[in-house]
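What follows is one structure encoded as structure tokens, with my remarks underneath.
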């Protein structure tokens, strides 16, 4: 069974601080996706990384896929209260479309 | 583009009854749709993979006779929770695959079984 360990599970920081969320696995994924989910809604895709070592930037968010395609990180620079939410990583199994989700990171950014 | 809808958005039913949840891809055709379940303060757990015109593939531990999945067209998949019990209360989310490594999630259906 493939598992994706996401950490930390909860993070409370002040506006303007930086943070990093990690997703780690012993398994290789064909792609890794990051989502943001608001309460009572479905996840919304932020980014997909496919190539080992790939780095993608989305405004203040930087996503990295590990060289071995087993881990990924999400770094947020100068967090804003609007960044508050649940962040989920999900690894795709062998180009099947099946996603294994991490436990999620609940981020709270205080003004 | 790439919008996925679910209906209903929430439903309350009595124990022992069955509930059907629809998942539709509104502006694209999806040969594959996925069904997930999410308990409060937990992450999404894949229940099954639904392919148009064929039987769904269920993940280990998911009862196929309890969670009936039908994918009758390229834009519609349904999940029927049969003989629902309070422990089936959860947030059910579907996703539709536009292409490999690209899928879009519906807004979810909150099921409460009393």
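Protein chains in written order, with our numbering: chain A, 1 to 111; chain B, 112 to 225. For every residue, glycine included, the Cβ atom is placed at its ideal position computed from N, Cα and C. Computed from a prediction, not measured in an experiment: that's the story for all the values here.
Chain-order list of residues whose beta-carbon lies under 6 Å from that of residue i (same chain, five-residue window excluded)
| i | result |
| --- | --- |
| residue 54 (chain A) | 65 |
| residue 90 (chain A) | 33, 99, 101 |
| residue 18 (chain A) | 77 |
| residue 199 (chain B) | 192, 224 |
| residue 187 (chain B) | 135 |
| residue 169 (chain B) | 159, 175 |
| residue 62 (chain A) | 75 |
Option in the options with minimal Cα separation from residue i
| i | options | result |
| --- | --- | --- |
| residue 201 (chain B) | B:223, B:181, B:190 | B:223 |
| residue 36 (chain A) | A:57, A:23, A:104 | A:104 |
| residue 116 (chain B) | B:123, B:126, B:146, B:128 | B:146 |
| residue 25 (chain A) | A:4, A:56, A:47 | A:4 |
| residue 74 (chain A) | A:56, A:17, A:41 | A:56 |
| residue 144 (chain B) | B:191, B:132, B:194, B:185 | B:185 |
| residue 52 (chain A) | A:10, A:68, A:96, A:40 | A:68 |
| residue 85 (chain A) | A:23, A:41, A:22 | A:41 |
| residue 110 (chain A) | A:8, A:14, A:10 | A:14 |
| residue 177 (chain B) | B:114, B:131, B:152 | B:131 |
| residue 183 (chain B) | B:150, B:210, B:142, B:171 | B:142 |
| residue 218 (chain B) | A:63, A:107, A:39, A:93 | A:39 |
| residue 96 (chain A) | B:195, B:203, B:213 | B:213 |
| residue 203 (chain B) | B:134, B:165, B:114 | B:134 |
| residue 165 (chain B) | B:152, B:180, B:156, B:126 | B:180 |
| residue 125 (chain B) | B:157, B:221, B:196, B:206 | B:196 |
| residue 23 (chain A) | A:106, A:72, A:12 | A:72 |
| residue 172 (chain B) | B:120, B:220, B:148, B:138 | B:148 |
| residue 119 (chain B) | B:210, B:215, B:167, B:190 | B:190 |
| residue 2 (chain A) | B:157, B:210, B:127 | B:157 |
| residue 50 (chain A) | A:31, A:43, A:6 | A:31 |
| residue 107 (chain A) | B:114, B:152, B:215, B:207 | B:152 |
| residue 83 (chain A) | A:6, A:12, A:92, A:8 | A:12 |
7 Å CB neighbourhood of residue i in its chain, flanking five on each side removed
| i | result |
| --- | --- |
| residue 123 (chain B) | 223, 225 |
| residue 80 (chain A) | 15, 109 |
Residues that residue i bridges to, as DSSP identifies them
| i | result |
| --- | --- |
| residue 42 (chain A) | In the DSSP output, where bridge partners are listed per residue, residue 42 (chain A) has none listed. |
| residue 55 (chain A) | A:64 |
| residue 95 (chain A) | DSSP output for residue 95 (chain A) lists no bridge partner at all. |
| residue 24 (chain A) | A:5, A:71 |
| residue 115 (chain B) | B:136 |
Cutoff 8 Å; reference residue i; Cβ partners in own chain excluding five residues on either side
| i | result |
| --- | --- |
| residue 58 (chain A) | 46, 47 |
heavy atom of the ligand MG below 7 Å from residue i C-beta
| i | result |
| --- | --- |
| residue 205 (chain B) | Absence of the ligand MG is noted for the structure shown, with no ligands found whatsoever. |
**Study point:** Length-filtered (3 minimum) beta strand (DSSP E) runs lying within the stretch 130-216 of chain B
**Key:** 130-136, 143-149, 155-162, 178-184, 187-192, 201-210, 213-216, all fully within the stretch 130-216 of chain B.
Practice item. Output, in sequence order along the chain, the residues in the stretch 39-54 of chain A whose CB is closer than 9 Å to any CB in chain B. Key: Residues of the stretch 39-54 of chain A with a Cβ closer than 9 Å to any Cβ of chain B, in chain order: 40, 41, 42, 43, 44, 45, 48, 50.
Review point. In the stretch 94-108 of chain A, which residues sit with their C-beta less than 9 Å from some C-beta in chain B, listed in chain order?
Key: Answer set for the stretch 94-108 of chain A: 95, 96, 97, 98, 99, 100, 101, 102, 103, 104, 106.
Review point. In the stretch 137-166 of chain B, which residues sit with their C-beta less than 9 Å from some C-beta in chain A, listed in chain order?
Key: So the list reads 143, 145, 147, 149, 152, 153, 154, 155, 156, 157, 160, given in the order they occur along the chain.
**Study point:** Near-chain B residues of the stretch 71-93 of chain A - C-beta to any C-beta below 7 Å
**Key:** Contacts with chain B (Cβ-Cβ distance below 7 Å) from the stretch 71-93 of chain A involve 88, 92, listed in chain order.
Point to revise | Near-chain A residues of the stretch 118-132 of chain B (beta-carbon distance less than 8 Å), N- to C-terminal order | key: Correct list: empty, as no residue qualifies.
Exercise for review: With 8 Å as the C-beta to C-beta threshold (strictly closer), list the residues of the stretch 211-225 of chain B near chain A in chain order.
Suggested key: Those would be 211, 212, 213, 214, 215, 216, 217, 218, 219, 221, in chain order.
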